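Engineer: Here you go, one structure.
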Amino acid sequence: MPRPVVVSKIEQDKLVVTQANRLIEASYTMTLEEKRVVLLMVSLVRKDDRDFHTYRIPITDIRDYLGLRTNKLYDDIKRVADILMSRVLHIPEEDGGWLKVGWVSSARYVPKGSKGAEVASLDLSFSPEMKPYLLELKAHFANYMLQNVAGLRSFYSIRLYELLKSRRRLASTTLDVGALRKIFKAEGKYGNYKDFRARVVLPAQAELRDKTDIAFAFTEARKGRKVVPIHAFIDECQNFLTPSVKIIMEQARKFGLHFTLAQQHFGQDMNPEILAAVVGNTAVKVCGMNDVKTLKPMDERMGVPSLSMW
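If you use this note's numbering, the sequence shown corresponds to residues 186 to 495, in order.
Written out as structure tokens, the structure reads:
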């Protein structure tokens, strides 16, 4: 039975990308263009959908979204569709098994006036095996606005952004370098950690800090000359910022001003040196809904008068 066709326009400020954490941790590679098309498809899935639809997107919208050249638009669309159809991802499953599956089961160019299309469009459909990772998600998933990654210019930056989003409730997380290489399918390309750090981690760190709502600092654990894991300290602004403050920060970035916000959970143990760095390098301390019992230890540990924190 054919899937219902949903005609969609690209409005990045209204579209939400929601994925199961296991999908975020899947192993695959693709170009930046392909990744952006996949994220667009994911963002068109509604949280109350019980099955996939065929997602019909106007060719001109795809052109503007990907920044394609108009004089070669048809060729560019065909190229992206061809290679996207060939991409396979490796998903670890709960029972210890794994699934190898293609993102897209079909891609169809629909001329204007054909199959009910008002304008020339591209019809895209997900592989049915992707349902557990994109539909009716109740737990162990992450979501974000599509526009949050619109300015990123690296496939690796987007993937690291998603990994950090999936662990957003943690003040810090450990990322195994070998596992990251596998997730990014970069084992052969960046087998040397020095190259992986220079070409993947550091550029992603700069892009996320300057262009998104999440940032991270990291330290490296060494075993002899070998770097074992990366300890990342996650700073997600949207956890506690009001919409008005978010707007101020977005506008400030346009003028080259950047804010560094550090989120400290006082119920967790934190290395004294890290705590000192967090406190010493933040000029403004923002406290949420805290009672007097909470404010008192914060006063003692941060050296900020309680009155200043109300």
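A virtual CB, placed ideally from N, CA and C, is assigned to each residue, including glycine. Just so you know, these numbers come straight off a predicted model, no measurement behind them.
Check whether the Cβ atoms of R272 and G252 sit closer than 8 Å, and answer yes or no.
Structural biologist: Result no, Cβ atoms of R272 and G252 do not sit closer than 8 Å.
Engineer: So for G473, helix, strand or coil by DSSP?
Structural biologist: For G473, the pLDDT reaches just 46, beneath the cut-off of 50, and the residue's location in the model is therefore unreliable, although a value from the coordinates is still provided. It is coil, neither helix nor strand.
Engineer: Alpha carbon to alpha carbon, how far is K374 from K300?
Structural biologist: 43 Å
Engineer: Within the continuous beta strand (DSSP E) that includes A292, where are the two ends?
Structural biologist: For A292, the enclosing beta strand (DSSP E) has its first and last residue at 289-295.
Engineer: Is it a yes or a no for the segment 315-329 touching the segment 255-265, going by three-plus beta-carbon pairs under 8 Å?
Structural biologist: They do not touch, by the three-pair rule.
Engineer: Identify whether D267 lies in helix, strand or coil by the three-state DSSP scheme.
Structural biologist: helix
Engineer: How big is the Cα-Cα spacing for Q197 and Q332?
Structural biologist: 5 Å
Engineer: Less than 8 Å between the C-beta atoms of T203 and K232, yes or no?
Structural biologist: yes
Engineer: From what residue to what residue does the alpha helix (DSSP H) around E214 run?
Structural biologist: Note that residue 214 corresponds to Thr in the displayed sequence, not to Glu. Careful: T214 lies outside any alpha helix (DSSP H) and carries neither H nor E.
Engineer: Measure the alpha-carbon distance for H275 versus R338 and round it to whole angstroms.
Structural biologist: 24 Å
Engineer: Please go through the segment 235-259 and give each complete alpha helix (DSSP H) segment of 4 or more residues, from N-terminal end onward.
Structural biologist: 244-251
Engineer: Quick check on P277: does DSSP put it in helix, strand or coil?
Structural biologist: strand
Engineer: Any idea what DSSP makes of V223, helix, strand or coil?
Structural biologist: helix
Engineer: Are the beta-carbon atoms belonging to V191 and L229 less than 8 Å from one another?
Structural biologist: yes
Engineer: For chain B, find out if any of its Cβ atoms is closer than 8 Å to the Cβ of R352; answer yes or no.
Structural biologist: Any reference to chain B falls outside this structure, which holds one protein chain only.
Engineer: With three or more C-beta pairs closer than 8 Å as the rule, is the segment 357-365 touching the segment 238-251?
Structural biologist: no
Engineer: Nearest CA to the CA of P296: which residue from A371, I262, K285?
Structural biologist: I262
Engineer: When burial is assigned at 16 or more other CB atoms within 10 Å of the CB, is R221 buried or exposed?
Structural biologist: buried
Engineer: For S193, is the classification buried or exposed, using 16 other Cβ atoms within 10 angstroms of its Cβ as the cut-off for buried?
Structural biologist: Burial of S193 is indicated by the presence of at least 16 other C-beta atoms within 10 angstroms of its C-beta.
Engineer: If distances are taken between C-alpha atoms only, which option among D380, T397, Y318, P243 comes closest to A211?
Structural biologist: Comparing alpha carbon positions, the residue from D380, T397, Y318, P243 closest to A211 is Y318.
Engineer: I need the boundaries of the alpha helix (DSSP H) containing Y378, first residue and last residue.
Structural biologist: 378-381
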